[in-house]
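J.: A single structure is presented below for examination.
2 protein chains.
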Amino acid sequence: MAITIKDIANKAGISAASVSRILTNRGRFSEATAQRVRQLAHEMGYYKNQSAADLSQKESRVIGVLVPTTHTNFADEIIKGMQAKAFELDYELLIAFVETDSQQQIKTVKSLLSRQLLAVVMLAIDIEDPVFEVLTKADVRLLSVSNQLNNVIPSISSDNYAMMHTIVDYLYNHGHRKMALIGASNPDPIVAVLRRKGFIDALLDHGITYNPEFIWGVDNDYQTGLDAIKKFGAPLPFTAAIGSADIISIGLLNGAKDAGIAVPQDLSIVTIDGTELTQLTRPILTAAQQNFAQMGELAIMALADHTLSPHTVTFTDITIKQGGTVANIN
Amino acid sequence: MAITIKDIANKAGISAASVSRILTNRGRFSEATAQRVRQLAHEMGYYKNQSAADLSQKESRVIGVLVPTTHTNFADEIIKGMQAKAFELDYELLIAFVETDSQQQIKTVKSLLSRQLLAVVMLAIDIEDPVFEVLTKADVRLLSVSNQLNNVIPSISSDNYAMMHTIVDYLYNHGHRKMALIGASNPDPIVAVLRRKGFIDALLDHGITYNPEFIWGVDNDYQTGLDAIKKFGAPLPFTAAIGSADIISIGLLNGAKDAGIAVPQDLSIVTIDGTELTQLTRPILTAAQQNFAQMGELAIMALADHTLSPHTVTFTDITIKQGGTVANIN
DNA sequence: TTGAAAGCGGTACCAA
DNA sequence: TTGGTACCGCTTTCAA
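In the order they appear, the protein sequences are chains A and B.
Per numbering that gives the first Met the number 0, the first sequence starts with residue 0, numbered consecutively.
Per numbering that gives the first Met the number 0, the second sequence starts with residue 0, numbered consecutively.
Next comes the structure, spelled out in structure tokens:
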């Protein structure tokens, strides 16, 4: 049996209530006894039984985080941001990875919900995911990070629509007129919809009518990048491609290499995300870098503030981070 | 206030005890009432208060997992393995990321220890890490995964010593006589010690006296790989290099590319780990692939079995996964 | 098969 | 500043 507050109380010759007050730093007590109690707690190797504490308190300081295993890449960065702020503001993170297997997903989420949580932060969870329904039915505060959702759930993410303008402008200024968007053709996710719309509108702003064929690729993975090159073949019918995730862009890059297409001379690439992965390629990927750490920090702050309304949408910065995959073809 | 077992009991006109028995599937009850209760629980959106359950039970089914943020790469794969087995055997994982900042580390670990845990699984935590002391002092079962430790803590990992023989033999059979080991020079970690020793002994087995200069590089990161190439310069004094982690090997590969050294013609590379990262390079990295998923599964099984003695050391498979970074120079 | 009641370890209110 | 005490929600023993 582990050491309890009572054990300490006995040894110190005071009541459990006092020990509790001292160790939680709440209410009044004399510094003298406090010293003794803290010393004893340390000596006896006491660890608070958080379950008991949770049970007797109404407000929890635990924030659940749902991470799909398919997106662990940037999720890591968001989690780091959340960790830092959580540490600072004294919240605890309960991280749960969810697989694509929906049965397992639901079980995992249910066990999450069995803890009293302040809120659940969903990383890159979409309306179509089976867990989504479970979450909305349950009586928890929700927050979507990195993914804009409907206006029933507040979200923190990049402004995906505006981001596409930034990217298209950047490419346009480098002389590109024929551009492809790879990996955002999945019809459902709002993010994909926004990116497609942003892409099309941005092209129109420059008087370019978009070619529907150049919006291609459904899945958010490496293979999509490889396949895109295979599909269009050399010479490519466009001069620049926007990869909808770093891993897709790496696929594009390697696919181009395999097909003898030179990057950036024959193909310029801008990747969306800009995680550490982009540094590992040759050339280094030019990226529309999302500020994932900031998303994580804002998520914790928003939850701490209690100021989230269902339709709160918070946007974080995006910046073009120059690499070596965009050629100036003016 | 959330729905409790009592609410259900009231509505069903039975006692809380019965509801508990039914929902946990313990003890005896009639199938008829069980049906009603389950239905009611579902309708009312009931979620068990796990804190209360934990408090009243002695044995916990929660396994804490400590993941250093610096090693998230293969950690992901271990976690997936653990998740799968945990799901199967009905355990819950409580994942905590620990940063390099030791103050934060300790706080995180303490909050982990404040939950009643069945055990704590340490991924790639070393004896030198400040958390290690906290963990060993606390009254929890410990298990180290991916890292062999002393024989006070049981561990599940690859056989790092034998692995080096496999790699050296592989390179030897491809005609290599001058080999370097990059990124395993950190004096402390047992893994690094074993790899160095394995490397040296394996060379000796082939009658090769090792060159101390060729064991180089302390940190487990990308920069170490880049720096290694810079340090030795072109032409390299060895024909093959073993990268002590995928990210190091990618550094080697890119460093070589930057220096005009052709891989594998002028430099062969074998990487240790073989995570998904190895598939993203050109050429694809030849790897001594560790079976991380297996480590994760075994970890859960070992904890479930209760058969771990302090000096249990379990080894998982390693296999050479052929890529395109090793040339045959016979 | 079901119910009453004690208790898990803390917290917080109220009284001393 | 301290202590007594009634909970928090669930599990479990024992009795009905």
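For each residue, glycine too, the CB sits at the ideal point set by N, CA and C.
Small disclaimer: the values here were computed from a predicted structure and weren't measured.
Give me the chain B residues within the contact set of A/Gly49, using Cβ-Cβ distance strictly less than 7 Å, ordered along the chain.
T.: Per the sequence shown, the amino acid found at residue 49 of chain A is Gln instead of Gly. Here the neighbours are Ser113 and Arg114.
J.: When DSSP labels each residue in this structure, what does A/Gln288 get in the three-state scheme?
T.: Residue state, collapsed to three classes: strand.
J.: CA-CA distance, B/Ile77 and A/Tyr221?
T.: Their backbone Cα atoms lie some 21 Å apart in a straight line.
J.: Straight-line CA distance for B/Ile268 to A/Gln56?
T.: About 57 Å.
J.: Whole angstroms is fine: what's the gap from B/Ala258's alpha carbon to B/Leu225's?
T.: Taking the straight line joining both Cα atoms gives about 10 Å.
J.: Short of 6 Å in beta carbon distance, which residues of its chain neighbour A/Gln331, apart from the five on each side in sequence? Order them along the chain.
T.: Residue 331 of chain A is absent from the model: chain A starts at 0 and stops at 329.
J.: Per DSSP, what are the beta-bridge partners of A/Thr315 in this structure?
T.: Note: A/Thr315 sits in a beta bridge opposite A/Ser157.
J.: Could you spell out the range, first to last residue, of the alpha helix (DSSP H) harbouring B/Phe96?
T.: Per DSSP, B/Phe96 belongs to no alpha helix (DSSP H); it is in the beta strand (DSSP E), Glu91 to Val97.
J.: Give the DSSP bridge partners of A/Asp272, in chain order.
T.: Paired residue(s): A/Gln288.
J.: Buried or exposed: where does B/Ser353 fall if 16 or more other Cβ atoms within 10 Å of its Cβ makes it buried?
T.: The structure shown has nothing for residue 353 of chain B, since chain B only spans 0 to 329.
J.: Could you give the residue range of the beta strand (DSSP E) that holds B/Leu180?
T.: Start and end: Met178 to Ile181.
J.: Please list, in chain order, all residues of the same chain as B/Ile152 whose beta carbon is under 6 Å from its beta carbon, the five residues on each side excluded.
T.: These residues qualify, in order along the chain: Leu141 and Ser143.
J.: State yes or no: is the beta carbon of B/Ile249 nearer than 8 Å to at least one beta carbon in chain A?
T.: With 8 Å as the cut-off, B/Ile249 counts as an interface residue toward chain A.
J.: What three-state label does DSSP hand A/Ala303 in the structure shown?
T.: A/Ala303 falls in the helix class under three-state DSSP.
J.: Drop a sphere of 10 angstroms on the beta-carbon of A/Val130, count the other beta-carbons inside from all chains shown, and report buried for 16 or more, exposed for fewer.
T.: Per the 10 Å Cβ criterion, buried.
J.: Can the beta-carbon of A/Leu284 be found closer than 8 Å to that of A/Ser248?
T.: Yes. Within cutoff.
J.: Span of the alpha helix (DSSP H) holding B/Ala40?
T.: Glu30 to Met43 is the span of the alpha helix (DSSP H), which, as asked, contains B/Ala40.
J.: Taking the DSSP output, what are the residues bridged to B/Ala239?
T.: According to DSSP, B/Ala239 bridges with B/Met178 and B/Ser267.
J.: List the residues of chain B whose Cβ lies closer than 7 Å to the Cβ of A/Arg37, in chain order.
T.: Here the premise fails: no neighbours, minimum Cβ distance about 14 Å.
J.: What number of angstroms, rounded off, separates the C-alpha of B/Ser29 from the C-alpha of B/Ser17?
T.: When rounded, the distance between both Cα atoms is 10 Å.
J.: Report the partner residues of A/Lys320 according to the DSSP bridge assignment.
T.: According to DSSP, which records beta bridges pairwise, A/Lys320 is partnered with A/Ala286.
J.: Consider the Cβ of B/Ser243: report whether some Cβ of chain A lies at a distance smaller than 8 Å.
T.: Cβ-Cβ to chain A under 8 Å: no for B/Ser243.
J.: Bridge partners for A/Pro67 per DSSP, in chain order?
T.: Answer is A/Val97.
J.: Given that B/Thr135 touches chain A, what residues does it touch there, using C-beta distances under 7 Å?
T.: Chain A residues near B/Thr135: none, gap ~11 Å exceeds 7 Å.
J.: Contact criterion: CB-CB distance below 8 Å. Does B/Tyr45 meet it with respect to chain A?
T.: It does not; no Cβ of chain A falls within 8 Å.
J.: With 8 Å as the threshold, decide whether the Cβ of A/Ile333 is near any Cβ in chain B.
T.: Outside the shown range of chain A (0 to 329) lies residue 333 of chain A, about which nothing can therefore be said.
J.: Keeping to the same chain, check which residues put their C-beta closer than 7 Å to that of B/Gly174; ignore five residues upstream and five downstream.
T.: Closer than 7 Å at the Cβ level, and outside the excluded window around B/Gly174, lie Asn327, Ile328 and Asn329.
J.: Under a Cβ-count criterion, where at least 16 other Cβ atoms within 10 Å of its own Cβ denotes burial, should A/Ala233 be classed as buried or exposed?
T.: Label assigned to A/Ala233: exposed.
J.: For A/Val151, which three-state DSSP category applies?
T.: Coil.
J.: Of all Cβ atoms in chain A, is any one closer than 8 Å to the Cβ of B/Asp218?
T.: By this cut-off, B/Asp218 is not an interface position.
J.: So B/Thr315 and B/Met294 are in contact, right, with Cβ under 8 Å, and what is the actual spacing, rounded?
T.: Right, the Cβ-Cβ distance comes to about 5 Å (below 8 Å), so this counts as a contact.
J.: Suppose the cutoff is 6 Å on Cβ atoms and the five residues either side in sequence are ignored; what does the same chain contact list for B/Ala303 look like?
T.: For B/Ala303, where only same-chain residues beyond five positions count, the Cβ hits under 6 Å are Leu88.
J.: So if DSSP puts B/Leu111 in a beta bridge, which residue, or which two residues, is it bridged to?
T.: Paired residue(s): none; B/Leu111 is not in a bridge.
J.: Can you tell me where the alpha helix (DSSP H) with A/Ala201 in it begins and where it stops?
T.: Ile189 to Asp204 is the extent of the alpha helix (DSSP H) around A/Ala201.
J.: Taking the alpha-carbon positions, what's the A/Asp333 to A/Asn146 distance?
T.: In this structure chain A extends from 0 to 329, so residue 333 of chain A is not present and cannot be described.
J.: Would a check of beta-carbon distances place A/Lys256 closer than 8 Å to chain B?
T.: A/Lys256 counts as touching chain B.
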